[in-house]
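Participant: Be aware that the sequence shown starts at 173, since it is given in the numbering used here, and climbs by one per residue. Note that CB positions come from ideal geometry on N, CA and C, so glycine has one too. One structure follows; several queries about it will come next.
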Amino acid sequence: MLDRLFTFQAALLKPIENQFTRSLYDSINWKQRMLGIKGLRGIGKTTLLLQHLKYTLKGKGLYVTADHPWFYDHSLLDLAEEFEKNDGRILLIDEIHKYPQWATQLKNIYDGHPSLQIIFTASSALEIQKGQADLSRRVLSYELTGLSFREYLHFFHGQVYPIFTLEEIIKNPQRIISSLQFPQKVLPLFKNYLRYGYFPFSYHEPEGDFIIKLNQVINTVLETDLAAIEGYTAGNVVTIKKLLGVLSESVPFTPNIASLANKMKLGRDTVNNFIQHLERARLFNLIYHQPKGVAALQKPDKIYLENTNVAFALKDQPDVGSLRETFFFNQLRNAGYAVSLSENGDFLVNKKWTFEVGGSSKGDTQVKKIPNSYLALDGIETAYQNRIPLWVFGFLY
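Structural data, given as structure tokens:
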């Protein structure tokens with residue numbers, strides 16, 4: 173009964189290699205009975221699962237996609253029962269959000285088959301703890317983000333570098349910089365990363381083809397993932413695409429929800445809901461003045477695109493200042509730091525450090541009298557006093 177699925181799995185495992193694994197891989201508690209790994213499409217979730225199956229589990233598990241034709245006349249619960257009858261122990265389910273009533277099925281598997289471990293992936297937009305069944309006490313969830321600049325250098329150029337904490341970077345950035353040996357000048361490498369280095373699938377694609385495929389990813393997120401998760405109609409999808417287009421033209425964007433609602437002929441709560449959905453889908457990063465305790469419907473104080481690659485996909489010539497801020501915010505947030513808007517500089521990190529982001533000629537007038545303040549500057553290779561190269565913040569994860 174499961175032969176088709178094992179044949180499918182064997183074909184997928186054959187090309188999988190492990191010369192490069194994501195930094196998240198070693199942070200995951202792979203022994204947890206139910207694991208959820210969320211992330212944007214194209215970010216590497218499937219590869220992460222298959223590497224674990226091939227190299228850690230030595231193939232002793234079953235990988236399935238939630239939209240496989242096998243499920244046309246079988247349920248996830250059928251799969252678990254049949255797999256367990258054949259002494260199966262570890263079930264890996266990709267794109268769980270594509271399966272109707274996924275939370276109820278996972279709860280029933282977890283409760284009814286205690287010998288099974290379930291590892292699943294899902295869209296970033298999926299709120300795992302808010303499914304139809306209560307999984308909050310059962311599932312441990314992680315988020316896989318895009319490649320850091322450090323991971324990009326490893327994956328694309330074979331150069332292995334350590335991870336540094338923000339404290340280490342701030343304390344002695346020049347010592348860190350001097351310890352790093354690059355295959356070529358770092359600034360052109362960084363420029364390439366900003367254009368196409370965040371998504372692993374760009375490795376095999378010419379830049380023009382990558383941009384086309386990234387736009388396809390964005391469309392699929394809106395038309396398939398959000399439509400399934402949020403129950404969008406075709407009209408909702410058209411509207412949220414228009415909203416993404418409007419906001420992407422002027423990011424970083426300080427939103428006037430009333431004006432946006434009027435322009436799009438929508439209610440203010442609807443506009444704010446759509447913005448929150450776009451953040452959960454990892455197309456936007458929302459930022460707030462520190463700190464308010466961000467409520468579900470709190471209006472963001474500023475909106476950024478989630479990463480710089482998306483900026484190039486949505487606009488031919490993104491604003492360079494916007495790209496710099498987007499990169500800084502993205503890398504620190506992905507590394508787990510709390511980033512908010514600063515009253516003086518651009519960003520306040522962990523309620524402690526103030527950062528002003530800019531080009532090589534930017535001065536420190538705005539933050540000069542602020543304790544623990546730093547300049548994160550594009551276009552420089554070395555650090556001096558509180559001036560730190562922007563690219564160094566790509567080594568945080």
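1. Among the candidates Pro360, Thr179, Leu316, Asn516, whose CA atom is the shortest distance from the CA of Ile542?
2. Classify Phe565 as helix, strand or coil using the three-state DSSP reduction.
3. To test your reading of the DSSP string, which unbroken beta strand (DSSP E) runs of 3 or more residues are found completely within the segment 222-259?
4. Considering only residues of the same chain and omitting the five flanking positions on each side of Ala468, which have a CB-CB separation below 8 Å?
5. Would you call the segment 198-215 and the segment 312-328 in contact, with 3 or more CB pairs under 8 Å?
6. Where Leu504 and Phe565 are concerned, what is the direct C-alpha to C-alpha distance, given to the nearest angstrom?
7. By Cβ distance below 8 Å, which residues in the same chain neighbour Gln557 in space, the five residues on each side in sequence not counted?
8. Could you give the residue range of the alpha helix (DSSP H) that holds Asp175?
9. Expressed to the nearest angstrom, what Euclidean distance is found between the alpha-carbon atoms of Val358 and Pro286?
10. What three-state label does DSSP hand Leu520 in the structure shown?
11. Per the contact definition of three or more C-beta pairs closer than 8 Å, is the segment 467-485 in contact with the segment 495-515?
12. Ordered along the chain, which non-local residues of its own chain (more than five positions away) have a Cβ less than 8 Å from that of Asp266?
13. Would the segment 243-252 and the segment 267-284 be scored as touching if the rule is three or more Cβ pairs under 8 Å?
14. CB-CB under 6 Å to Leu455, same chain, minus the five flanking residues each way: which ones, in chain order?
15. For the beta strand (DSSP E) containing Glu340, list its first residue and its last residue.
16. In the structure shown, what three-state DSSP assignment does Ile265 receive?
17. Is there contact here, the segment 530-540 with the segment 332-342, by at least three beta-carbon pairs under 8 Å?
Facilitator: Per the coordinate set shown:
1. Asn516
2. helix
3. 234-237
4. In this prediction, Ala468 has a pLDDT of 48, which is less than 50 and means its spatial position is unreliable; what the coordinates show is noted afterwards. Excluding positions up to five away in sequence, the list reads Gln448.
5. yes
6. 7 Å
7. none
8. 175-185
9. 51 Å
10. strand
11. yes
12. Lys217, Thr218, Leu221, Tyr235, Val236, Thr237, Ala238, Phe292, Thr293
13. yes
14. Glu478
15. Segment 338-343 is the alpha helix (DSSP H) holding Glu340; no beta strand (DSSP E) there.
16. strand
17. no
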